[in-house]
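Engineer: The numbering used here puts the first residue of the sequence shown at -1, with every later residue one more than the last.
Below: one structure in structure tokens.
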Amino acid sequence: MEVPYVSKSFINRVFERMRDAERTNRPLDRVDKAAQLVHWMSAVTIEIAQYFLGAICNEAEKAMRGEFSRGQVEFVWVAFRLSVVVVMEMKRKGFETDNYAQLMGELQAAAFTNAGSRCPVDVVRGMMANKDGWIFMDYDVQANAFAVSTTLAIDMHNEDLTIENRIVGMRLMWQMFLHGYVMQIEEDLKANLPKPGQKRKAEPSVETLEKNLINRRTSAAKWQRVAALALQAKNSANTAESDKEFEATMALLHQSIEAVPEHYAKPFDVYAACKEREADSEALLKKRKFI
């Protein structure tokens, strides 16, 4: 797997989350419970996922469909509530053959779950982690084939190796999320383009959109812009070699996400709403004698 470039500020922010997790939980080398590892990994993945402005969300311990799944999975990252794009398994002990088989099964189960989506993705990515290292795996649905990376060892007695592999790991996680987002957008574009010979449906009225916020009948032109920006972000990520180029990648990604039609499933921005109503909120709290 090729490792994409990420900026120094990106690395610093993720390492800060690692530090916070170890201060509030346990140092990674002393973790002896899966729940502790989940806490540690949550801090890291949330820092990375937040760059996607809510386009990719964790449906924690989502039960996968199909005979391949062995139960609930700690991290199931879903793009726009449509397709599972990233699966993460946390293991208390080392990587055994059975653990590899379980991750492969969960990736197949994710693909089976996605098959019920309006526009499923063709590749599902996975990661398996314990206190001693990380492993990354891709599942190509059409080819029914897996690609597995080497183990990224975490050895607290070898600081240089640990730091290097943690950086590689966070870069690969960033890549998994980005590719998952782009794949979902490309599938959405296909779903929204009129089929050959199909008559174009009339655009929904404003009243219809207000009554049904999940109505996704939108113009092909809008989706083509979203997809074009997403693809530019992916290509930019593949060629970035400096902080400036990485920031340009992030700008393209955010432009793509912000161009997604408003009535498409996107999270409510609580922070922005609070900032807009800051003065009103303070007056309301004073009126109710909270401050």
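C-beta atoms are modelled at their ideal positions from N, C-alpha and C, and glycine is treated no differently.
#1: Figure out for me which residue from 31, 112, 82 has the closest Cα to the Cα of residue 53.
#2: Entirely within the region 31 to 114 and at least 4 residues each: give me those alpha helix (DSSP H) ranges in chain order.
#3: Cα-Cα, which of 109, 142, 57 is closest to residue 119?
#4: Does the pairing of the region 43 to 57 with the region 166 to 174 give three or more beta-carbon distances under 8 angstroms?
#5: Using DSSP's beta-bridge definition, name the partner residues of residue 134.
#6: Can you tell me whether residue 4 is buried or exposed, with buried defined as 16 or more other CB within 10 angstroms of its CB?
#7: Quick check: what's the CA-CA separation for residue 111 versus residue 155?
#8: Excluding the 5 residues flanking residue 140 on each side, which residues of the same chain have their C-beta closer than 6 angstroms to its C-beta?
#9: Based on Cα-Cα distance, which residue from 248, 260, 131 lies nearest to residue 327?
#10: In terms of residues, what are the limits of the beta strand (DSSP E) holding residue 146?
#11: In angstroms with no decimal places, state the Cα-to-Cα distance between residue 107 and residue 74.
#12: Measure from the alpha carbon of residue 235 to the alpha carbon of each residue in 222, 250, 221, 117, then state which is nearest.
#13: Return the CA-CA distance between residue 136 and residue 143, expressed in angstroms with no decimal places.
#14: Over the uninterrupted alpha helix (DSSP H) stretch that includes residue 241, give me the two end residues.
#15: Measuring CB to CB, does residue 12 end up less than 8 angstroms from residue 166?
#16: Hey, could you find the ends of the alpha helix (DSSP H) residue 233 is sitting in?
#17: Alpha helix (DSSP H) containing residue 16: first to last residue?
#18: Give every residue of the same chain whose Cβ lies closer than 7 angstroms to the Cβ of residue 179, excluding the five residues on either side of it in the sequence, and list them in chain order.
#19: Given residue 20, which residues of its chain have a CB within under 8 angstroms of its CB, disregarding the five upstream and five downstream residues?
#20: If I'm right that residue 85 touches residue 122 with Cβ under 8 angstroms, what's the distance once you round it to whole angstroms?
#21: I need the straight-line Cα distance from residue 16 to residue 220, nearest angstrom please.
#22: Look at residue 97 and residue 126 and say whether their C-beta atoms are less than 8 angstroms apart.
Structural biologist: Once the coordinates are examined:
#1: For residue 53, the closest of 31, 112, 82 by C-alpha to C-alpha distance is 82.
#2: Secondary structure within the region 31 to 114: the alpha helix (DSSP H) runs of 4 or more consecutive residues, fully enclosed, are 32 to 47, 95 to 112 (chain order).
#3: Per the Cα distances, 109.
#4: With a cut-off of 8 angstroms, the region 166 to 174 and the region 43 to 57 count as touching, because enough Cβ pairs lie within range.
#5: Residue 134 pairs with 125.
#6: With a 10 Å radius around the Cβ and a threshold of 16 neighbouring Cβ atoms, residue 4 comes out buried.
#7: The straight-line gap separating the alpha-carbon atoms of residue 111 and residue 155 is approximately 41 angstroms.
#8: Close CB contacts of residue 140 within its chain, under the 6 angstroms cut and outside five residues either way in sequence, are with 120 (chain order).
#9: Nothing can be reported for residue 327, as the shown portion of the chain is limited to -1 through 289.
#10: Note, residue 146: beta strand (DSSP E), 143 to 146.
#11: Counting only the Cα atoms, residue 74 lies some 11 angstroms from residue 107.
#12: Checking every option, the nearest Cα to that of residue 235 belongs to 250.
#13: Rounded to the nearest angstrom, the two C-alpha atoms are 8 angstroms apart.
#14: 241 to 257 is the span of the alpha helix (DSSP H), which, as asked, contains residue 241.
#15: Contact check for residue 12 against residue 166 fails: the beta carbons are separated by 8 angstroms or more.
#16: First-last of the alpha helix (DSSP H) with residue 233: 218 to 237.
#17: For residue 16, the enclosing alpha helix (DSSP H) stretches over residues 6 to 22.
#18: So the qualifying residues of the chain are 50, 53, 54, 77, 228.
#19: Cβ neighbours of residue 20 beyond the five flanking positions: 26, 38.
#20: By a beta-carbon distance limit of 8 angstroms, residue 85 contacts residue 122. Their separation comes to about 7 angstroms.
#21: Residue 16 and residue 220 have their C-alpha atoms roughly 38 angstroms apart.
#22: Yes, they are a contact pair.
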